[in-house]
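*Asks:*
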């Protein structure tokens with residue numbers, strides 16, 4: 001059956017190739033009335049080709065299973081006769097009859113003891129056990145590669161869908177659209193009139209409102225933090241609800257229909273929102289505005305703005321970083337959640353190139369920033385020390401030297417992020433929507449004492465995946481000669497390598 005499916009799939013592939021040849025103008029007789037064809041393939045043809053490819057792969061794997069099964073069946077049923085000379089039907093019948101007579105006579109003359117029978121049974125059971133043990137590795141081998149292939153096909157399909165989504169909706173967040181809008185002019189006027197320090201931008205749609213309220217409750221007791229924040233609201237629900245609950249928080253309203261729905265890690269809308277962030281950064285830098293970019297899934301133990309990073313002229317951009325401490329192989333890898341950018345020509349080029357890559361590549365924005373910081377001479381990239389900014393990995397370390405801020409990301413499902421934070425004691429909004437400042441105080445005390453409970457809480461599926469991938473990355477970067485060469489480039493293929501996400 002598998003072989004027949006493979007042959008049918010090959011026939012489908014030949015049809016696709018013929019259609020490709022026509023679309024590309026190959027093998028088609030010249031006609032004077034014919035317009036030169038455009039060298040592209042329709043979306044329907046691409047989807048059909050991908051479907052045929054998946055069907056061919058599955059049929060091939062099924063065929064391999066059938067071949068393996070028939071091979072083992074042949075081994076089990078193969079005759080064990082010591083003679084290789086073919087015997088006629090009559091001779092085989094006589095041979096069997098003589099053997100039965102001889103066994104009967106020998107049993108009558110000297111019956112075998114019961115121990116011999118038991119030994120034969122033991123040998124038979126041992127032989128069956130060996131056969132089973134031999135089959136298990138083979139079955140596991142085929143199963144592993146079958147699952148691996150399915151995950152690769154799934155990741156390929158998700159990557160194609162994400163890139164198409166960005167290309168389809170990228171114009172709604174383009175730099176030209178932002179810079180020529182009335183809303184952006186109002187934003188620049190507000191920055192000129194009301195801000196003496198660089199603002200901090202956070203992106204928000206209606207499905208991140210609860211996380212935003214949690215962040216605002218966390219930072220409400222820190223003087224001067226709310227005055228530096230500007231939320232980029234992506235839909236009217238987010239704009240109106242935030243204005244009603246926190247009327248003093250500033251907003252830059254940029255309605256984006258492609259971001260109205262909830263989304264998760266590495267999906268098309270996820271890429272689009274980071275393309276918007278990169279284009280907004282370019283627009284601000286062209287106006288000479290330095291800024292912070294931040295995320296709501298960050299717990300603030302102390303006020304990061306009090307440290308005066310904006311006044312240090314030894315760098316053009318300073319990022320939070322991945323890794324546990326300075327000994328980690330991932331140190332100086334941009335995390336991309338909280339960072340400060342100073343406006344100059346070098347940072348403009350940095351984010352222009354970032355925007356171009358996000359618009360066409362299936363790659364994380366932090367991967368592009370890592371590559372450019374490590375391979376470009378300018379801008380000058382610096383990194384926030386682990387004692388000041390850390391990721392969720394701090395909770396799984398010895399919990400010493402608590403940072404000022406800790407980013408609590410690493411959930412592949414955006415809808416479950418706040419629920420996971422609540423398990424660790426970082427949920428600060430009561431059921432009636434008011435802030436529980438006592439919970440904020442207790443969370444800070446637990447963090448300072450290094451007593452955040454993580455052992456009793458089983459990690460989520462998203463966190464388990466990230467821990468496994470970071471473990472693999474640490475060993476890859478640790479490899480002599482190869483690791484240092486791969487360090488600037490490995491993050492670019494992060495989405496592709498994470499086949500389970």
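Numbering (the UniProt record's numbering), first residue to last: 1 to 501. Where a beta carbon is used, it is the ideal one built from N, C-alpha and C, also for glycine.
#1: Is there contact between the stretch 203-212 and the stretch 222-232, where contact requires at least three CB pairs shorter than 8 Å?
#2: Determine the direct distance from the alpha carbon of residue 424 to that of residue 453, and round the result to whole angstroms.
#3: Can you pull the DSSP bridge partners for residue 319?
#4: Count the other CB atoms within 10 Å of the CB of residue 387; is the residue buried (16 or more) or exposed (fewer)?
#5: Between residue 364 and residue 269, is the Cβ-Cβ spacing less than 8 Å?
#6: Since I believe residue 338 is in contact with residue 224 (beta carbons under 8 Å), could you give me their beta-carbon distance rounded to a whole number of angstroms?
#7: Among the residues of its own chain, which have a CB less than 7 Å from the CB of residue 173, if the five just before and after it don't count?
#8: Does DSSP put residue 463 in a helix, in a strand, or in coil?
#9: Hey, quick one: how far does the alpha helix (DSSP H) through residue 347 stretch, first residue to last?
#10: Count the other C-beta atoms from every protein chain shown that fall within 10 angstroms of the C-beta of residue 462, then say buried if there are 16 or more, exposed otherwise.
#11: Checking 8 Å against the spacing of the C-beta atoms, do residue 227 and residue 282 come in under that value?
#12: Can you list, in chain order, the residues of its chain whose CB lies under 7 Å from that of residue 332, leaving out five sequence neighbours each side?
#13: Give the secondary structure of residue 266 by DSSP, where H, G and I count as helix, E and B as strand, and everything else as coil.
#14: Which partner residues of residue 252 appear in the DSSP bridge assignment?
#15: With a CB to CB cut of under 7 Å and the five nearest residues on each side skipped, what residues in its chain are close to residue 161?
#16: Taking the beta strand (DSSP E) that residue 390 falls in, what are its first and last residues?
#17: Taking the CB atoms as reference points, tell me whether residue 336 and residue 366 lie closer together than 8 Å.
#18: Can you tell me whether DSSP reads residue 428 as helix, strand or coil?
#19: If we ignore side chains and look at the alpha-carbon of each, how far apart do residue 329 and residue 472 end up?
#20: Compute the beta-carbon to beta-carbon distance between residue 310 and residue 340, rounded to the nearest angstrom, for a pair I have assumed lies under 8 Å.
#21: Return the residue from the list 301, 298 and 289 that minimises the CA-CA distance to residue 316.
#22: Shortest alpha-carbon distance to residue 390 belongs to which of 193, 300, 213 and 291?
#23: What is the residue span of the beta strand (DSSP E) that residue 200 lies within?
#24: Three-state secondary structure (DSSP) at residue 243?
#25: Over what stretch of residues does the alpha helix (DSSP H) that includes residue 407 continue unbroken?
*Replies:* Straight from the coordinates:
#1: yes
#2: On the chain shown, residue 453 is found 453 positions in, with the first residue counted as 1. On the chain shown, residue 424 is found 424 positions in, with the first residue counted as 1. Using only the alpha carbons, I get a separation of about 6 Å.
#3: Working through the chain shown from its first residue, we reach residue 319 at position 319. Per DSSP, 339 and 383.
#4: Along the chain shown, read from residue 1 onward, the residue named residue 387 stands at position 387. Its Cβ having fewer than 16 others within 10 Å, residue 387 is exposed.
#5: Locating residue 364 in the chain shown gives position 364, where the first residue counts as 1. Locating residue 269 in the chain shown gives position 269, where the first residue counts as 1. Contact: no.
#6: Against the chain shown, residue 224 aligns to sequence position 224. Against the chain shown, residue 338 aligns to sequence position 338. About 16 Å; that fails the 8 Å criterion.
#7: Position 173 of the chain shown holds residue 173. Around residue 173: 256, 272, 275, 276 and 279.
#8: What you label residue 463 is simply residue 463 of the chain shown in a count that begins at 1. Correct three-state label for residue 463: helix.
#9: Here residue 347 is taken as the residue at index 347 of the chain shown, counted from 1. Note, residue 347: alpha helix (DSSP H), 345-360.
#10: Position 462 of the chain shown, counted from the start, is the residue given in the question as residue 462. So residue 462 counts as buried.
#11: Within the chain shown, the letter at position 227 stands for residue 227. Within the chain shown, the letter at position 282 stands for residue 282. No, Cβ-Cβ distance for residue 227 and residue 282 is not below 8 Å.
#12: Locating residue 332 in the chain shown gives position 332, counting from the first residue. Within the same chain, residue 332 has close Cβ partners 321 and 383.
#13: Within the chain shown, the letter at position 266 stands for residue 266. Of the three classes helix, strand and coil, the one that applies to residue 266 here is coil, per DSSP.
#14: On the chain shown, position 252 is the one that residue 252 refers to. According to DSSP, which records beta bridges pairwise, residue 252 is partnered with 232.
#15: Reading the chain shown from its first residue, position 161 is the one you call residue 161. 268.
#16: Looking up residue 390 in the chain shown gives position 390. Here the beta strand (DSSP E) through residue 390 covers 389-391.
#17: Position 336 of the chain shown, counted from the first residue, corresponds to residue 336. Position 366 of the chain shown, counted from the first residue, corresponds to residue 366. Going by C-beta atoms, residue 336 is nearer than 8 Å to residue 366.
#18: Here residue 428 corresponds to residue number 428 of the chain shown, with the count starting at 1. Three-state DSSP puts residue 428 in coil, outside helix and strand.
#19: Taking the first residue of the chain shown as 1, we reach residue 329 at position 329. Taking the first residue of the chain shown as 1, we reach residue 472 at position 472. Residue 329 and residue 472: Cα-Cα distance of roughly 11 Å.
#20: In the chain shown, residue 310 corresponds to position 310, counting from 1. In the chain shown, residue 340 corresponds to position 340, counting from 1. Indeed they touch by this definition, with Cβ atoms about 6 Å apart.
#21: Position 316 of the chain shown holds residue 316. Measuring from the Cα of residue 316, the nearest candidate turns out to be 289.
#22: As a position in the chain shown, residue 390 is number 390, starting the count at 1. Checked all of 193, 300, 213 and 291; the closest Cα to residue 390 is 300.
#23: The count along the chain shown starts at 1 and reaches residue 200 at position 200. Residues 200-204.
#24: What you label residue 243 is simply residue 243 of the chain shown in a count that begins at 1. Note: residue 243 maps to helix in three-state DSSP.
#25: Here residue 407 corresponds to residue number 407 of the chain shown, with the count starting at 1. Element bounds for residue 407: not the alpha helix (DSSP H) but the beta strand (DSSP E), 405-407.
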